[in-house]
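Residue numbers (this note's numbering): 107 to 367.
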């Protein structure tokens, strides 16, 4: 693509999110694409461009990686580090998009719309996370705690009336059907429930039923467009990364961390 100041950029996007999961909440997720695989792909694409008589010095490459920034590893001596810290140290990608952060951002915005921003700021921050997956519930609760939001199990006996409900099962079809059944059985108001989905098809299906959908495919697509537009307008990859980090570290509540505890 061509920038407004005349430079040519090859934007290479690597999707390390977990297949068929709207939000990566497993303890040991199987990423679809590793950073190492993205680096090899970049090399192959640049070589392919050369074979097509496009000289490497006539364009810039910007690699964008979608992955869980909080994945934890250890150095040979046992020093813990996150996937994002590794990428920053070795400059393996130009822009890292943490796959959890934009999903949580939209979740928080929806929560504000349901209980009011004032209630969030005054500490009345809670929702029900309806799932049958123990890993999902444990890790979602941990993430939301970073933002000062308490998460109720749907089987808790002391759930306050009228709390927003987020439904998330291992397949989007099950998620949507469960949410729809809950509404039809008068367990929750339609405007007070949201689904976590992973495809545009599921997103549209949820909306057709009148149920809010927090869809990873749509959110990631929008982030790609934002990055593309920023690059075209001349914003550097470093500035884009800094802006994304600032945006997702301050979504209107307390500041989360990239560290895994």
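Don't be surprised by glycine CBs; every beta carbon is placed ideally from N, CA and C. These numbers were taken from a predicted model, which means no experiment stands behind them.
Residue i beta carbon near the ligand PLP (any heavy atom closer than 8 Å)
i           : result
residue 308 : Summarising the ligand content, the structure contains no ligands, and the ligand PLP is consequently not present.
Minimum C-alpha distance to residue i - residue among the options
i           : options            : result
residue 174 : 167, 192, 268, 168 : 192
residue 282 : 252, 259, 320      : 320
residue 272 : 237, 218, 264      : 237
residue 278 : 122, 221, 126, 162 : 126
residue 179 : 329, 188, 171      : 188
residue 215 : 171, 300, 276      : 300
residue 115 : 261, 304, 151, 305 : 151
residue 124 : 315, 204, 352      : 204
residue 262 : 232, 250, 241      : 232
residue 131 : 297, 170, 276, 144 : 276
residue 293 : 314, 310, 267, 303 : 267
residue 118 : 354, 111, 110, 143 : 143
residue 353 : 269, 212, 169      : 212
Three-state secondary structure (DSSP) of residue i
i           : result
residue 368 : The chain is shown only over 107 to 367; residue 368 falls outside these bounds and no answer can be derived.
residue 199 : coil
residue 300 : strand
residue 111 : coil
Residue i - containing beta strand (DSSP E), residue span
i           : result
residue 178 : 178 to 180
residue 186 : 186 to 188
residue 167 : 166 to 173
Residue range of the unbroken alpha helix (DSSP H) whose run includes residue i
i           : result
residue 307 : 306 to 314
residue 344 : 343 to 355
Which complete beta strand (DSSP E) runs does the region 115 to 152 hold, if anything under 3 residues is left out?
Fully enclosed beta strand (DSSP E) runs of 3 or longer: 115 to 121.
Every unbroken beta strand (DSSP E) inside the region 221 to 283 [3 residues or more]:
232 to 236, 256 to 258, 271 to 273
Contact between the region 284 to 298 and the region 249 to 257 is defined here as three or more beta-carbon pairs at a separation below 8 Å; is this criterion met?
no
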